[in-house]
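Under my numbering, the first residue of the sequence shown is numbered 173, with each subsequent residue one higher. Built from N, CA and C at the ideal position, the CB exists for glycine as well. Since the model is a prediction, treat every value here as computed from it, not as a measurement.
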Amino acid sequence: MSLSQRTIKQLSSARDDEIEDLVDSREDLNDEAAAGESVAALPEWALRGRQIEVHVRSNKYTSTPVVAAREAIAGYDKILGGGSKKLHMNLAREILGGDSWNSNSEWASLLDATKKPKMRQWEWKLVRSVRDTVLLRKMKNDKTTSWAWYDQWGFGFTRGFLRSSLTRPDLREGVRWLIAIRTHWFPTVERRWKAIKATGKEPRFSKDCCPLCKAVVTPGWEWAHLMIQCTYRPVEKARKVHLRQVIRGIRDELADVREIEVELAGIRGVNDGTPIGGAVAICLAGGTVGREFGLSFTNGYGQGELLSVKARSYGFVYAASFLTEVAVWYARGVDLPAYIRLDEEVRALRLQDF
Ligand SMILES: [Zn+2]
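Next up, the structure:
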């Protein structure tokens with residue numbers, strides 16, 4: 173078992189213990205709550221996501237290999253004895269081995285150190301309780317399909333990828349589309365078709381087909397079709413460059429997850445009769461299927477310091493790189509106004525230039 177596999181396994185089991193601890197703490201809160209008032213359970217993605225947030229915020233992530241590599245880049249090769257190439261190669265994996273998770277001490281480090289430990293403990297419970305209440309209230313009151321979608325696939329588990337994405341401004345277009353997928357905002361063919369019809373014009377694409385490869389697509393799953401199935405040549409090429417390697421890894425990891433059948437059965441145009449394609453697409457967007465939070469790809473999506481076992485970078489980097497190229501073609505295919513205007517502006521610019 174490799175270092176990263178071992179680390180992920182350790183962290184997964186650590187998180188399970190901590191979740192049990194949190195559930196116990198919630199029962200304490202129940203006892204303390206007003207008579208007859210019970211505290212509802214948070215979804216698992218929120219519990220696990222919270223552990224990651226605390227872990228990330230309370231750690232500085234300095235590591236010997238990183239510091240050494242920076243020194244090598246800055247010209248300290250002689251002091252290091254010329255080992256910089258090897259350092260670079262080992263950089264990512266070494267980072268994984270450096271930390272251990274301890275939820276209590278990590279929380280404590282975020283709180284006011286001038287107070288006595290018992291007071292800090294109380295403060296910790298209070299802060300957690302307020303955050304839980306805010307989330308639970310949102311979950312109860314928000315009846316939008318976007319929220320139901322976000323909750324169903326547990327996208328909240330990987331939401332910290334946004335923090336990492338700040339280091340990749342070159343992928344901002346793709347990250348924007350990724351957020352659109354996760355919040356159920358990705359433009360559907362049908363909605364675009366109706367919007368164009370309503371203006372009295374005739375759409376240049378069919379109501380239920382991919383505007384690029386012309387295959388029938390399931391409404392709401394157009395993005396998944398692009399990632400997994402679309403046969404438009406440039407899309408296939410982008411998939412080969414950006415996604416092929418991780419798709420293979422995710423498929424292997426999902427092979428044992430039985431609940432996929434239940435959650436994704438019957439989604440036409442994505443899965444070719446089997447739900448695995450849709451499940452892979454959900455994972456590529458940073459979601460979870462079948463309550464499976466132990467996937468290496470999901471844990472290495474960019475919300476923490478972990479990398480997935482076989483990937484060279486965070487999971488979101490693969491998806492955002494693909495979408496940076498492909499989503500724009502799709503947006504133009506369904507005549508999305510912002511992208512059409514962009515086209516016209518670019519053309520106008522060229523005319524002026526000459
Ligand atoms: Zn297509």
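* Under a three-way DSSP split, which group does V388 fall into? -> strand
* To do: Going by DSSP, name the residue or residues bridged to C381.
  => V388
* Asked: Where does G416 land, buried or exposed, given buried means 16+ other C-beta within 10 angstroms?
  -> It is Arg, not Gly, that sits at residue 416 in the sequence shown. By the neighbour-count rule (16 or more Cβ atoms within 10 Å), R416 is not buried but exposed.
* Asked: What is the DSSP secondary structure of P509, counted as helix, strand or coil?
  -> helix
* Asked: Is it the case that the Cβ atoms of T403 and C385 are separated by a distance below 8 Å?
  -> yes
* **Beta-carbon separation (whole angstroms), A453 vs R354, contact threshold 8 Å** => Between R354 and A453 the Cβ distance is about 12 Å, and since that is not below 8 Å, they are no contact.
* **Spatial distance of N231 from R331 (CA atoms)** => 18 Å
* Asked: Quick one: does the C-beta of G338 sit closer than 7 Å to a heavy atom of ligand 1?
  -> Here the sequence assigns Leu to residue 338, which means Gly is not the residue at that position. No.
* To do: Reducing DSSP to helix, strand and coil, say where G346 ends up.
  => helix
* Within the present structure, is the beta-carbon of A396 separated from the nearest heavy atom of ligand 1 by less than 7 Å? -> no
* Asked: Less than 8 Å separating the beta-carbons of G459 and W325?
  -> yes
* To do: Since I believe I419 is in contact with V461 (beta carbons under 8 Å), could you give me their beta-carbon distance rounded to a whole number of angstroms?
  => The Cβ separation is near 14 Å, so there is no contact.
* In terms of residue numbering, what span does the alpha helix (DSSP H) encompassing W217 cover? -> 216-229
* Asked: Closest by CA to F329, which one among L219, T316, E394, C381?
  -> L219
* Asked: Where are the alpha helix (DSSP H) runs, 4 residues long or more, that stay fully inside the segment 474-510, in chain order?
  -> 487-505
* Residues passing the C-beta test against ligand 1 heavy atoms, cut-off 5 Å -> C382, L384, C385, C402
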